[in-house]
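Numbered per my numbering, the sequence shown spans residues 61 to 291.
Heads up, the beta-carbon is just placed ideally off N, CA and C, and yes, glycines get one too.
On a predicted model such as this, the values are computed, not experimentally measured, just so you know.
So the structure is just underneath, and the comments pick up after that.
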Amino acid sequence: MAKIGIITGLQFEADILRAEAKRMPHGERPIVVCHGMGRARARAAAEAAAAEGATALLSFGIAAGLDPRLEAGDVIAAATIHDGPATLAGDTAWTARLHEGYKDALRITRGIIVRSDVIIGTALEKTNAFKATGASAADMESYGVAEAAAALNFPFAALRAIADTASDDLPPTAMSAATPDGRISMMKSAFGALTHPGETPALMALGQRTSAARQSLKLLARLGLTRRFFV
Numbered sequence: 061m062a063k064i065g066i067i068t069g070l071q072f073e074a075d076i077l078r079a080e081a082k083r084m085p086h087g088e089r090p091i092v093v094c095h096g097m098g099r100a101r102a103r104a105a106a107e108a109a110a111a112e113g114a115t116a117l118l119s120f121g122i123a124a125g126l127d128p129r130l131e132a133g134d135v136i137a138a139a140t141i142h143d144g145p146a147t148l149a150g151d152t153a154w155t156a157r158l159h160e161g162y163k164d165a166l167r168i169t170r171g172i173i174v175r176s177d178v179i180i181g182t183a184l185e186k187t188n189a190f191k192a193t194g195a196s197a198a199d200m201e202s203y204g205v206a207e208a209a210a211a212l213n214f215p216f217a218a219l220r221a222i223a224d225t226a227s228d229d230l231p232p233t234a235m236s237a238a239t240p241d242g243r244i245s246m247m248k249s250a251f252g253a254l255t256h257p258g259e260t261p262a263l264m265a266l267g268q269r270t271s272a273a274r275q276s277l278k279l280l281a282r283l284g285l286t287r288r289f290f291v
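What follows is the structure in structure tokens.
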């Protein structure tokens, strides 16, 4: 029976999983690891999960929507991760089970995720990425998790909830609030809102969209943990 290692890039994503996992017997809880944002940190986190006993790897968290049909809170179940010309293919059967297992509870679609080195900040950049790759969403960690899974010969899949949509331009204050270790600096956000009041409407809109994504992550965790994420 596979032991799932779940890798996140942001601490609040890991906190959601750990809070839900408290409802489970200790021995049935997944291994949740967050080393922060980006490919290298995600790969290191995946390797750490494997060292703790994980035998299957799941990338979990929020993502930027590239497909204009996606709304905040929609979920992408992905096995294929692009990084420029390179592609890593995970476990398509596991991804199919994730899609089937969740489709009655929330808006979920199977798709492709493309890796980004940085947070994609503008609608134009998202449009260009969608045209170039056809990917549904972008994140900074899934490729690193997929790399570790490929090296270890582990099953891999990704579950990512859309926070900012394809049409959203992210306010600079929001982009600078995330720290490399995966934390969100509320002081930076508050100071940015005070010093750049023109960003307030965009910050409020992003907060609402991120809240929708957070609710989807909570539902993914609640249902997934009780069903072992359908691995």
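From residue i to residue j, what distance separates their C-alpha atoms?
{"i": "ASP134", "j": "PHE120", "result": "13 Å"}
{"i": "LEU148", "j": "THR187", "result": "22 Å"}
{"i": "ILE122", "j": "ASP228", "result": "15 Å"}
{"i": "ARG167", "j": "GLY65", "result": "24 Å"}
{"i": "VAL92", "j": "ALA109", "result": "7 Å"}
{"i": "PHE290", "j": "ARG89", "result": "14 Å"}
{"i": "ASP127", "j": "GLU73", "result": "23 Å"}
{"i": "ALA198", "j": "CYS94", "result": "18 Å"}
{"i": "ALA250", "j": "MET61", "result": "Model confidence at ALA250 stands at a pLDDT of 45, short of 50, so the residue's coordinates are unreliable and nothing is read from them."}
{"i": "PRO231", "j": "ALA265", "result": "10 Å"}
{"i": "GLY194", "j": "ILE172", "result": "8 Å"}
{"i": "HIS159", "j": "GLY150", "result": "14 Å"}
Looking at C-alpha atoms only, which residue of the options is the closest neighbour of residue i?
{"i": "LEU285", "options": "ALA226, ALA81, ALA111, ALA262", "result": "ALA81"}
{"i": "LEU118", "options": "GLU160, ASP164, GLY204", "result": "GLY204"}
{"i": "ALA132", "options": "PHE290, LEU277, ARG287", "result": "LEU277"}
{"i": "GLN71", "options": "PRO85, ALA62, ALA105", "result": "ALA105"}
{"i": "LEU212", "options": "ILE66, THR182, ALA114, GLY161", "result": "ALA114"}
{"i": "SER196", "options": "ALA221, CYS94, ASP164", "result": "ALA221"}
{"i": "SER202", "options": "GLY181, ALA100, GLU88", "result": "ALA100"}
{"i": "ILE136", "options": "THR169, ARG129, GLU112, LEU158", "result": "THR169"}
{"i": "ILE180", "options": "ALA281, ALA111, ALA238, PRO261", "result": "ALA238"}
{"i": "HIS142", "options": "ARG83, ALA218, PRO85, LEU130", "result": "ALA218"}
{"i": "ARG287", "options": "ARG157, THR182, LYS191, SER271", "result": "ARG157"}
Spatial neighbours of residue i within its chain, please: CB distance less than 7 Å, with the 5 preceding and 5 following residues excluded, ordered by chain position.
{"i": "THR152", "result": "ALA139"}
{"i": "GLU207", "result": "ARG103, LEU148"}
Please work out which residues of its chain come closer than 8 Å, Cβ to Cβ, to residue i, disregarding the five sequence neighbours upstream and downstream, and give them in chain order.
{"i": "ALA165", "result": "LEU279, LEU283"}
Hey, residue i and residue j are a contact pair by Cβ (cut 8 Å); roughly how many whole angstroms apart?
{"i": "PRO215", "j": "TRP154", "result": "5 Å"}
{"i": "GLY125", "j": "THR225", "result": "4 Å"}
{"i": "ALA263", "j": "THR233", "result": "Reading off the sequence, residue 263 comes out as Leu, not Ala. Contact flag correct, Cβ pair sits at about 6 Å."}
Closer than 6 Å by C-beta to residue i: which residues in its own chain qualify, once you throw out the five before and the five after it? Chain order, please.
{"i": "ALA281", "result": "ILE76, LEU77, GLU80"}
ask   = Residue ranges of each beta strand (DSSP E) run of no fewer than 3 residues wholly in the segment 105-157, ordered along the chain?
value = 116-125, 135-143, 146-149
Whole runs of the alpha helix (DSSP H) within the segment 198-246, excluding any shorter than 4 residues = 202-212, 232-237
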